[in-house]
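With the numbering used here applied, the sequence shown corresponds to residues 5 to 366, in that order.
Inspection log for the structure reproduced underneath, given as structure tokens.
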Amino acid sequence: MEKKKVLFVYRYSALKNIISGDGQVSGPTEFLWGMNFLDKEKFEIRWVNAPRTEKRTGIRKLTWFLEFPFGKFIKIGLPIEIPYLFKKEIEWADEIICVNDPISLGILFSRFFGKFKKKKIYCIIMSLQERIKYFNWFKPAVWFVSKLLNKADSLIILSDFVRGDFVYDYKIIREKVKTMYFGIDINFWKHDPEVKSEDFILSIGNDMNRDFQTLVRALPENIKLKIITKKNVDIKDKSIEILSGISDEDLRELYNKSLFVVVPSIKLKNESSGLSSALQGMACGRPVILSDAPPMRELFIDNEDCLFYEPENDKDLANKMKSLLENEALREKIAKSGYKKTVENYTCKNMGKRLEYILLND
């Protein structure tokens with residue numbers, strides 16, 4: 005059987021630290037989206053890494069006039085330069101995997117204008133199901149994004165729950181939508197019994213949905229909080245340390261040292277904000293408190309795999325943190341169940357198997 009030529013399109017600044025020049029992969033590998041677990045007997049695999057934060061030169065200067073206002077309005081980027089930067093690689097491929105929303109829209113923009121008709125395009129969509137709330141009032145924008153999304157051969161979502169609104173809001177052909185649960189690299193994110201727990205709570209995240217101010221207000225007295233973020237956080241004279249720019253190895257050690265992990269988000273209906281941080285914490289054997297959201301409820305059981313709190317409610321979050329601080333048995337129970345749920349269900353290997361099934365059966 006002839007191998008399928010599959011091109012993964014990334015836009016990930018840390019990719020050079022994960023894939024070496026000779027193709028060797030080292031953890032954490034979750035943001036390869038299962039690429040390293042595809043069957044090499046069935047697929048010939050290549051990848052490209054589109055620029056994101058680098059200084060704009062050449063065609064990226066010319067396309068900025070469209071991507072900047074689009075990003076401000078839609079809250080998602082539109083890197084339409086990708087097909088031009090990687091024309092040769094795209095011409096080689098039979099199938100293209102776009103690993104996030106901006107990449108997907110950038111590639112589909114070219115297909116909208118007649119490019120890539122003979123190729124299959126698979127798009128992993130994480131945020132557009134939720135971001136429509138920012139521009140739903142402007143029907144031309146909804147129409148435009150809908151037209152782009154419907155140019156995909158398959159749209160891969162991270163939760164069954166979001167399917168209904170996604171299909172309805174963007175008028176998507178239901179058969180195009182497939183579910184693939186996100187998974188992490190459990191060979192990297194793991195519990196280290198040699199690391200001793202310390203008296204601090206850990207929280208992580210940089211995305212626009214992260215709600216650190218509710219966490220700051222909820223923080224009990226006489227307990228330390230470490231927040232790993234590039235966002236500005238008003239710590240209100242509390243015992244809070246803001247960290248950024250740390251390595252994955254240092255982050256793993258902090259997970260292992262923490263009493264528990266809190267992943268605070270604003271109120272969401274159709275987005276799994278903070279999922280990677282939650283899974284990393286669980287894989288490192290830490291109990292996790294999560295902002296309640298339907299996609300998260302699909303993955304975890306409250307008071308078993310994690311504790312959910314009402315989003316943006318600092319009193320409820322304070323009560324959940326207090327319950328973990330005062331109840332060691334509860335911490336151990338949540339940690340054990342969350343760890344088991346993660347390593348059995350939400351791994352890179354499982355993600356790769358599901359992606360392979362989609363590629364072979366679409």
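Here a beta-carbon is modelled for each residue, glycine too, at the ideal position from N, C-alpha and C.
The bridge partners DSSP lists for residue 265 are 206 and 292. Annotated three-state conformation of residue 350 is coil, per DSSP. Take residue 241, set aside five residues on each side of it, and no residue of its chain has a beta-carbon closer than 8 angstroms to its own. Residue pairing of residue 214 in beta bridges, as defined by DSSP: 269. Around the Cβ of residue 215, a 10 Å sphere holds 16 or more other Cβ atoms; the residue is buried. Distances from the CA of residue 284 to each of 275, 309, 256 and 130 were compared; the closest alpha carbon is that of 256.
Residue burial annotation: residue 324 is buried, with at least 16 other C-beta atoms found within 10 angstroms of its C-beta. As the crow flies, the alpha-carbon of residue 68 is around 27 angstroms from that of residue 96.
The straight-line gap separating the alpha-carbon atoms of residue 314 and residue 306 is approximately 12 angstroms.
The C-beta of residue 72 has fewer than 16 other C-beta atoms within 10 Å across all chains shown, which makes the residue exposed. For residue 147, the three-state secondary structure derived from DSSP is helix. Residue 221 is not bridged by DSSP to any residue.
With a beta-carbon spacing of about 4 angstroms, residue 112 and residue 152 fall inside the 8 angstroms limit used to define contacts. Contact between residue 355 and residue 187 holds: CB atoms are separated by about 4 angstroms, below the 8 angstroms threshold. The shortest CA-to-CA distance from residue 17 to any of 7, 25 and 35 is the one to 35. Residue 126 is classed as buried because its beta carbon has at least 16 other beta carbons within 10 Å across all chains shown. Judged by their CB atoms, residue 138 and residue 79 are nearer to each other than the 8 angstroms cut-off. Spanning the alpha carbons of residue 130 and residue 220 requires a straight line of approximately 27 angstroms.
Here DSSP, grouped into helix, strand and coil, assigns residue 345 to helix. In the structure shown, residue 50 adopts extended strand secondary structure according to DSSP, grouped into three states.
By the Cβ criterion, the stretch 250-267 is in contact with the stretch 279-298, since at least three pairs of Cβ atoms, one from each stretch, lie closer than 8 angstroms. Judged by DSSP secondary structure, residue 174 falls within the alpha helix (DSSP H) whose first and last residues are 167-174. In the structure shown, the three-state DSSP call for residue 67 is helix. Across the structure, residue 110 and residue 87 are spaced so that their CA atoms are roughly 8 angstroms apart.
When rounded, the separation of the alpha-carbon atoms in residue 53 and residue 104 is 12 angstroms. Boundaries of the alpha helix (DSSP H) around residue 88: 86-89.
Listed in chain order, the non-local C-beta contacts of residue 338 below 6 angstroms within the same chain comprise 291, local neighbours out to five positions each way being set aside. Residue 91 sits exposed, since fewer than 16 C-beta atoms from the chains shown fall within 10 Å of its C-beta. Comparing alpha carbon positions, the residue from 178, 165 and 169 closest to residue 154 is 178. Collapsing the DSSP output to three states places residue 78 in a helix.
In the displayed model, residue 160 falls within a strand according to three-state DSSP. Here DSSP, grouped into helix, strand and coil, assigns residue 119 to coil. Linking residue 24 to residue 100 through their CA atoms gives a straight-line distance of about 21 angstroms.
At a Cβ-Cβ threshold of 8 angstroms, residue 296 and residue 124 do not count as neighbours. C-alpha of residue 122 to C-alpha of residue 353: approximately 29 angstroms in a straight line.
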